[in-house]
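These notes are about the structure you will find just below.
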Amino acid sequence: MNGADGVCTSGGSDSAALVGGRSLGRAPSTPYGRRNLVDWMRRSHCHRFLLAAAAPSFMARPVSSIRFFSSSSSSSSLRALVPPPPPLPLHEENPFAALLASDPPPPEPLRQVLATGDVHSALRGLPGLARQLFRWAETTPCGFPRSASAFAAVLVPLARANHIRAAYPVSLRALHLGLLLPLVSLLLSAPLSPAPQSLLSLLLRLSTKYSKECTDRDATPDTCSTLCLSAFHEMASHGVAPDVKDCNRVLRVLSDAARWDDICAVHAEMLQLGIEPSIVTYNTLLDSFLKEGRNDKVAMLLKEMETRGSGCLPNDVTHNVVITGLARKGDLEEAAEMVEGMRLSKKASSFTYNPLITGLLAKGFVKKADDLQLEMENEGIMPTVVTYNAMIHGLLQSGQVEAAQVKFVEMRAMGLQPDVITYNSLLNGYCKAGSLKEALLLFGDLRHAGLAPTVLTYNILIDGYCRLGDLEEARRLKEEMVEQGCLPDVCTYTILMKGSHNACSLAMAREFFDEMLSKGLQPDCFAYNTRIRAELTLGAIAKAFRLREVMMLEGISSDTVTYNILIDGLCKTGNLNDAKDLQMKMVHNGLQPDCITYTCLIHAHCERGLLREARKFFKDMISDGLAPSAVTYTVFIHAYCRRGNLYSAYGWFRKMLEEGVEPNEITYNVLIHALCRTGRTQLAYRHFHEMLERGLVPNKYTYTLLIDGNCKEGNWEDAMRFYFEMHQNGIHPDYLTHKALFKGFDEGHMNHAIEYLENAVLGE
Numbered sequence: 001m002n003g004a005d006g007v008c009t010s011g012g013s014d015s016a017a018l019v020g021g022r023s024l025g026r027a028p029s030t031p032y033g034r035r036n037l038v039d040w041m042r043r044s045h046c047h048r049f050l051l052a053a054a055a056p057s058f059m060a061r062p063v064s065s066i067r068f069f070s071s072s073s074s075s076s077s078l079r080a081l082v083p084p085p086p087p088l089p090l091h092e093e094n095p096f097a098a099l100l101a102s103d104p105p106p107p108e109p110l111r112q113v114l115a116t117g118d119v120h121s122a123l124r125g126l127p128g129l130a131r132q133l134f135r136w137a138e139t140t141p142c143g144f145p146r147s148a149s150a151f152a153a154v155l156v157p158l159a160r161a162n163h164i165r166a167a168y169p170v171s172l173r174a175l176h177l178g179l180l181l182p183l184v185s186l187l188l189s190a191p192l193s194p195a196p197q198s199l200l201s202l203l204l205r206l207s208t209k210y211s212k213e214c215t216d217r218d219a220t221p222d223t224c225s226t227l228c229l230s231a232f233h234e235m236a237s238h239g240v241a242p243d244v245k246d247c248n249r250v251l252r253v254l255s256d257a258a259r260w261d262d263i264c265a266v267h268a269e270m271l272q273l274g275i276e277p278s279i280v281t282y283n284t285l286l287d288s289f290l291k292e293g294r295n296d297k298v299a300m301l302l303k304e305m306e307t308r309g310s311g312c313l314p315n316d317v318t319h320n321v322v323i324t325g326l327a328r329k330g331d332l333e334e335a336a337e338m339v340e341g342m343r344l345s346k347k348a349s350s351f352t353y354n355p356l357i358t359g360l361l362a363k364g365f366v367k368k369a370d371d372l373q374l375e376m377e378n379e380g381i382m383p384t385v386v387t388y389n390a391m392i393h394g395l396l397q398s399g400q401v402e403a404a405q406v407k408f409v410e411m412r413a414m415g416l417q418p419d420v421i422t423y424n425s426l427l428n429g430y431c432k433a434g435s436l437k438e439a440l441l442l443f444g445d446l447r448h449a450g451l452a453p454t455v456l457t458y459n460i461l462i463d464g465y466c467r468l469g470d471l472e473e474a475r476r477l478k479e480e481m482v483e484q485g486c487l488p489d490v491c492t493y494t495i496l497m498k499g500s501h502n503a504c505s506l507a508m509a510r511e512f513f514d515e516m517l518s519k520g521l522q523p524d525c526f527a528y529n530t531r532i533r534a535e536l537t538l539g540a541i542a543k544a545f546r547l548r549e550v551m552m553l554e555g556i557s558s559d560t561v562t563y564n565i566l567i568d569g570l571c572k573t574g575n576l577n578d579a580k581d582l583q584m585k586m587v588h589n590g591l592q593p594d595c596i597t598y599t600c601l602i603h604a605h606c607e608r609g610l611l612r613e614a615r616k617f618f619k620d621m622i623s624d625g626l627a628p629s630a631v632t633y634t635v636f637i638h639a640y641c642r643r644g645n646l647y648s649a650y651g652w653f654r655k656m657l658e659e660g661v662e663p664n665e666i667t668y669n670v671l672i673h674a675l676c677r678t679g680r681t682q683l684a685y686r687h688f689h690e691m692l693e694r695g696l697v698p699n700k701y702t703y704t705l706l707i708d709g710n711c712k713e714g715n716w717e718d719a720m721r722f723y724f725e726m727h728q729n730g731i732h733p734d735y736l737t738h739k740a741l742f743k744g745f746d747e748g749h750m751n752h753a754i755e756y757l758e759n760a761v762l763g764e
């Protein structure tokens, strides 16, 4: 009496008997487990059907023997390729038995039907009563029986009466209960007639539209697509050729799940079944092959489309699909040629231009993208919200926040309403630029426009507060987010943990991690990496490695970042041998050390004066095909400068420039520090000007080093000049700056310094 998941049903095992050990791949030649089927046939003396079970599969039959059905027609018919199976068997257990004992009892017409013990026969030709039975059963504590045969008893009379709209909610309920495949198998084993065929079409269509709803909430796109693929194979194995529209839906689901091999298999099966592909079929296949990067298949399909002629010739959508695929893969020249061809033939649209604009921006060609938008407008094609979203995102990626704001204003002036994607892009740009005030004003504008902030919207703002070290406001925004019915996700807590770590509030990082677990959220690799980094900062190496073990037990594999964090933690605590062992283990586990891995090991060995070992790691890095970064070279430059070996330090600096690696602010600060310390301030000045020429912004440490060097040499006027320049550039001196400024002055110089300051203040 108890069905799956504790739901009160009877006959809960009948659907399992029907599909007896079926796999979700290609269906076997019969819808029953062979042994159960033979036993049943012996009991019912169905020797003729036993012979049919041994018949060759439908694939050995000529295409001419296959009949087709259309989801839009209930009058089409299909002849089985094997002798027809017997009627639906009456099972030993009645799936409706529990409903007779329900409280309150069933209404009289339904009670009589249930009392017969043969609901299948009792509902035959009574679609209204079948619909009433389903609706009433769903209101009972037990609900409608979780049984494929029970659903078939209601769906068959509805389908035979062409009440497909009434069959829709019943079919959807069966899908939600995970009964799709048992139900399809059961219907295929029944005598084929127009009603079951139209029902099969409905089930296949629903499996593509609602596949995610039919599985648990943690299902991946791959497991979701398995559902409709299995239903397709089940039908095909019985010689049932789905309508081309349903096949197209199956192909789209498989494309979204990136199941390229299955897409090819379904396409081949369609052709073997004699299903004529439509232009939608080809466009879906083209999109899939372009995503996979199979340009050879794309060319082959385009030729096939030309060969098939009318109805399948490439259309505007086809060209736009190809342009999108080429732009996505970075083949911008080919995409641009196709766009030009569409423009000349006056067939271009925003769908033609938008992919190329997006592709250009992804490569950093902002000017070309802007010119293309202008060309688009000159052709009389109005930019869309998608166009402006792409432009705004691209401008922000290149650091052009003001230009992105101009595009936002221009977009509104054209009468286009920005969507949440537009606002999120701008909010992210403002927050990364440290312009939180502008971001909050824009957030208010978003709400005023009647748009609902998403989890991503809040995550962007929380990250903005964390970047400024304002953890209290970040926490407050998280609480506001909950009040607005927008639940924080793993990314929210990871941002808060990272912000806490950067603000040296490591206890708060632990608190956010524990809160995330208490909310039932499963940390991902990024969340664990953030927590592990916090533990290593505290020096809790054992705890960090225990967290990694927990992570692995949860089925989350360590990535390169995980290993880099652990290696860096071991290096900082002086456990160099353990760090090297972990690097070897990383390689053993199939992960390639990256530039950060080697730089951590190089830095640790340089810090301890082990320069020979550091150089060996550098050679290994080159051998692995990795390009050293500015940080890698700066580590070596700093190591030699600290030892007073400026000759070797400049050797690494020259090597860095020869390899085309741009020095950063830290590189120049290291050299300026070494030069000022050895009294070579003129050379330090030269590096200071090099920084400016390269577009680098001197920071507080750059100015402090130059002030300190000048004061040591008694060049107090130059020191004061750097001090004032520092103020003019909005850089605030700290204790070390002031200490450097005055420590080199003797009493006589101090008087001159005070006089110089007074004149500067008075403007004299």
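Be aware that the sequence shown starts at 1, since it is given in full-length UniProt numbering, and climbs by one per residue.
Each residue gets a CB set at the ideal place from its N, CA and C atoms; glycine is no exception.
Quick caveat: nothing in here was measured; it's all calculated off a predicted structure.
- Inclusion of L199 and A159 in the CB contact set at 9 Å is warranted, their separation being smaller than that value.
- In the structure shown, A161 falls within a coil segment according to DSSP collapsed to helix, strand and coil.
- If you draw a straight line from the Cα of Y430 to the Cα of T573, it is about 37 Å long.
- Residues F722 of the same chain have their beta carbon placed closer than 6 Å to that of L706, with the five preceding and five following residues left out of the count.
- Between the beta-carbon of T281 and that of N248 there is about 5 Å, and that keeps the pair under the 8 Å contact cut.
- Look at H233 here: in three-state DSSP terms it is helix.
- Between the segment 224-238 and the segment 250-266 there are three or more inter-stretch CB-CB distances shorter than 8 Å, so the stretches are counted as touching.
- Note on A115: under 16 other CB atoms within 10 angstroms of its CB, so exposed under the neighbour-count rule.
- Per DSSP, the unbroken alpha helix (DSSP H) holding K478 starts and ends at L471 to E483.
- Around F289, the same chain offers K297 and V298 as residues with beta carbons nearer than 6 Å, after the five sequence neighbours per side are excluded.
- In this structure, S350 sits away from T318, with a CB-CB distance that is not shorter than 9 Å.
- Between the alpha carbons of A413 and G380 lies a gap of roughly 17 Å.
- Secondary structure within the segment 487-511: not one fully enclosed beta strand (DSSP E) run of 3 or more consecutive residues is present.
- Counting other Cβ atoms within 10 Å of its Cβ, P141 stays below 16 and is therefore classed as exposed.
- Short of 7 Å from the beta carbon of N315, and not among the five residues preceding or following it, lie these beta carbons of its own chain, in chain order: I279.
- Spatial neighbours of T384 in its own chain (CB-CB distance under 6 Å, excluding positions within 5 residues in sequence) are listed in chain order as S350.
- Going by beta carbons, L344 and V322 fall outside the 9 Å limit.
- In this structure, C606 and V635 form a Cβ contact; the two beta carbons are roughly 6 Å apart against a cut-off of 8 Å.
- In this structure, C504 lies away from P453, with their beta-carbon atoms at least 9 Å apart.
- Distance from the CA atom of W136 to the CA atom of P106, rounded to whole angstroms, is 8 Å.
- Measuring C-alpha to C-alpha distances from E375 to each of F688, N389, A390 and I357 identifies I357 as the nearest.
- DSSP places M382 in the coil class of the three-state scheme, outside both helix and strand.
- For Q272, the uninterrupted alpha helix (DSSP H) segment begins and ends at W260 to Q272.
- DSSP places Q417 in no alpha helix (DSSP H); its state is neither H nor E.
- Judged by DSSP secondary structure, A101 falls outside any alpha helix (DSSP H); it is assigned neither H nor E.
- Proximity of the segment 328-335 to the segment 354-369 meets the contact definition, three or more beta-carbon pairs being nearer than 8 Å.
- Fewer than three pairs of CB atoms, one per stretch, sit closer than 8 Å, so the segment 645-655 makes no contact with the segment 682-702.
- Separation of the CB atoms of T494 and F526 is rounded to 5 Å, and the pair is thereby assigned contact status at 8 Å.
- In this structure, the straight-line span from the alpha carbon of L133 to that of L181 is close to 23 Å.
- Going by beta carbons, I565 and N529 fall inside the 9 Å limit.
- The beta carbon of V266 sits closer than 8 Å to those of L229, F232, C247, V250, L251 and L254, all from its chain and outside the five residues before and after it, given in chain order.
- Here S198 carries a helix assignment [DSSP, helix/strand/coil].
- A130 is positioned such that its CB atom lies no closer than 9 Å to that of A98.
- H732 is classed as exposed because its beta carbon has fewer than 16 other beta carbons within 10 Å across all chains shown.
- Rounded to the nearest angstrom, the gap between the Cα atoms of R643 and T599 is 19 Å.
- H638 sits buried, since 16 or more C-beta atoms from the chains shown fall within 10 Å of its C-beta.
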